[in-house]
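Student:
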Ligand SMILES: [Zn+2]
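Numbering (our numbering), first residue to last: 143 to 557.
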């Protein structure tokens with residue numbers, strides 16, 4: 143079945159049956175010019191930041207390269223100057239504390255319309271996974287009005303699906319006691335992994351993993367143990383939570399193209415990269431009223447999918463996110479350690495419930511593996527050291543559930 147996202151894009155853009163990669167690009171460029179005009183007119187930050195942009199010169203996708211980027215530090219340091227509306231028009235402010243940084247937090251503002259577009263995306267995206275007879279357990283966020291959990295619940299109710307906002311999994315035994323009542327579980331990859339080790343007998347039909355890098359090894363552990371289908375979603379608070387979601391083919395993400403323009407750039411040179419080359423994801427919000435982000439450097443690494451989707455949709459798609467720049471540490475000239483690589487290797491260990499990684503300067507890596515009641519196969523530690531081929535010290539022991547930043551990202555601990 144074709145992803146529900148492209149038909150939604152056709153309706154949202156007004157392109158209808160004329161929707162194609164070319165007409166979408168043309169439409170997105172027009173929206174891009176409009177959002178620059180809007181932001182320059184309404185925000186003190188963008189008035190200066192984009193002062194020299196010649197909108198008449200932005201007619202092709204390649205022309206985007208001439209527009210200045212917006213960085214996370216711009217939001218942290220000048221967020222209030224980015225806002226394009228009056229205080230009374232703000233419906234929600236989300237505060238994101240940057241892990242490991244002493245700097246000010248990022249505050250992201252949304253209007254009611256901004257939040258409603260997210261609800262609409264969730265409604266369409268979730269229709270891939272669930273039908274009105276299903277019940278969804280949302281294992282993240284909170285019941286706070288307009289939190290991601292609340293918006294997801296509202297999106298689900300639009301398609302007649304009931305749900306429970308359970309919140310993050312702090313006690314896997316307690317969560318397991320509730321999860322048996324639900325057909326679909328939504329949660330963070332590491333927390334869902336802990337749950338599958340705690341409660342292998344659960345049988346959700348579908349699982350949606352979101353809010354962090356998703357290791358293939360976790361997908362495999364969930365699918366083989368729970369005999370379910372695992373879908374993944376890509377998004378971030380900064381752009382209004384929802385960004386892209388897999389269809390039934392469970393390959394690259396179908397993107398929220400009516401709301402987001404996605405580019406991939408070389409993280410070092412900032413030059414645009416062609417499809418099939420991995421680089422940093424750069425996002426522009428095309429419709430956000432409260433706080434548009436223009437060419438926002440996300441710190442996520444991914445590439446555009448090179449081919450069209452088996453579901454039949456022909457629009458561009460974003461391939462699996464392969465990690466985050468911030469979770470990568472250079473140990474020496476030859477060795478770069480990434481949390482994504484550790485995740486792929488370590489979550490593949492049978493019986494493992496979770497782990498923690500810390501890097502102590504100059505290049506000592508310390509891993510703590512939680513094997514639950516078991517101690518793991520004999521030779522586990524030696525085998526892992528050989529596989530990782532790193533200067534690593536490994537201990538076995540209890541690790542609490544991985545702590546996340548408020549936007550749900552796991553972190554590589556330094557120092
Ligand atoms: Zn598809």
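Positions of the beta carbon are idealized from the N, C-alpha and C atoms, including for glycine.
1. To the nearest whole angstrom, what separates the beta carbons of residue 405 and residue 414, a pair I think is in contact under 8 Å?
2. Is residue 527 helix, strand or coil when you go by DSSP?
3. Quick one: grab the DSSP three-state call for residue 211.
4. Apart from the five residues just before and just after residue 263, which ones in its own chain have a Cβ nearer than 6 Å to its Cβ?
5. With respect to 7 Å, is the separation between the Cβ of residue 162 and the closest non-hydrogen atom of ligand 1 below this value?
6. I need the boundaries of the alpha helix (DSSP H) containing residue 366, first residue and last residue.
7. Quick one: residues in its chain with C-beta nearer than 7 Å to the C-beta of residue 363, no 5 flanking neighbours on either side, listed in chain order?
8. At a cut-off of 7 Å, would you count residue 396 as near ligand 1, judging by its Cβ distance to the nearest heavy atom?
9. Once you ignore the five residues that flank residue 159 on each side, which residues in its own chain have a CB closer than 6 Å to its CB?
10. Would you say the beta carbon of residue 455 comes nearer than 7 Å to a heavy atom of ligand 1?
11. Is any heavy atom in ligand 1 found nearer than 7 Å to the beta carbon of residue 145?
12. Is residue 391 a contact residue of ligand 2, with contact defined as CB to any heavy atom under 7 Å?
13. So the candidates are 210, 357, 330, 286; which of them puts its Cα closest to the Cα of residue 482?
14. Given that a residue counts as buried once 16 or more other Cβ atoms are within 10 Å of its Cβ, and exposed if not, what is residue 422?
15. Run through the DSSP bridge pairs and tell me what residue 373 is partnered with.
16. Going by DSSP, what residues sit across from residue 408 in a beta bridge?
17. Quick check on the DSSP output: the alpha helix (DSSP H) that includes residue 154 runs from which residue to which?
18. Hey, residue 213 and residue 439: beta-carbon distance below 8 Å or not?
19. Looking at the secondary structure, which residues open and close the alpha helix (DSSP H) in which residue 252 lies?
Tutor: A quick look at the data gives this:
1. As a working mapping, residue 405 is identified with position 263 in the chain shown. As a working mapping, residue 414 is identified with position 272 in the chain shown. Between residue 405 and residue 414 the beta-carbon gap is near 6 Å, inside 8 Å, which marks them as a contact.
2. Here residue 527 refers to the residue found at position 385 of the chain shown. Residue 527: helix per DSSP, three-state reduction.
3. Counting from 1 along the chain shown, the entry for residue 211 is found at position 69. Coil, per DSSP.
4. The count along the chain shown starts at 1 and reaches residue 263 at position 121. Contacts found: 384, 398.
5. In the chain shown, residue 162 corresponds to position 20, counting from 1. Checking every heavy atom of ligand 1 against the Cβ of residue 162, none is found closer than 7 Å.
6. On the chain shown, residue 366 is found 224 positions in, with the first residue counted as 1. Residues 358 to 368.
7. On the chain shown, position 221 is the one that residue 363 refers to. Same-chain partners within the cutoff: 335, 338, 489.
8. Taking the chain shown and counting its residues from 1, the one referred to as residue 396 is at position 254. At least one heavy atom of ligand 1 is nearer than 7 Å to the Cβ of residue 396, so yes.
9. As a first step, residue 159 is located in the chain shown; it is residue number 17 there, counting from the start. Around residue 159: no qualifying Cβ.
10. For the purposes of this step, residue 455 is identified with residue 313 of the chain shown, where counting begins at 1. Relative to ligand 1, the nearest heavy atom lies less than 7 Å away from the CB of residue 455.
11. If you number the chain shown from 1, residue 145 lands on position 3. Answer for residue 145: yes, Cβ within range of ligand 1.
12. Absence of ligand 2 from the depicted structure is noted, with ligand 1 being the only ligands included.
13. For this step, residue 482 is matched to residue 340 along the chain shown. The shortest Cα separation from residue 482 among 210, 357, 330, 286 belongs to 357.
14. If you number the chain shown from 1, residue 422 lands on position 280. Buried, because 16 or more other Cβ atoms sit within 10 Å of the Cβ of residue 422.
15. Stepping through the chain shown from its first residue, residue 373 is reached at position 231. Bridge partners of residue 373 according to DSSP: 350.
16. Here residue 408 is taken as the residue at index 266 of the chain shown, counted from 1. Listed as beta-bridge partners of residue 408 by DSSP are no residues whatsoever.
17. Within the chain shown, residue 154 is the residue found at index 12, counting from 1. Residue 154 -> alpha helix (DSSP H) spans 147 to 155.
18. Here the question's residue 213 lines up with position 71 in the chain shown. Here the question's residue 439 lines up with position 297 in the chain shown. Closer than 8 Å, so yes.
19. On the chain shown, residue 252 is found 110 positions in, with the first residue counted as 1. Taken as a continuous stretch (DSSP letters only), residue 252 belongs to no alpha helix (DSSP H), being part of the beta strand (DSSP E) at 248 to 252.
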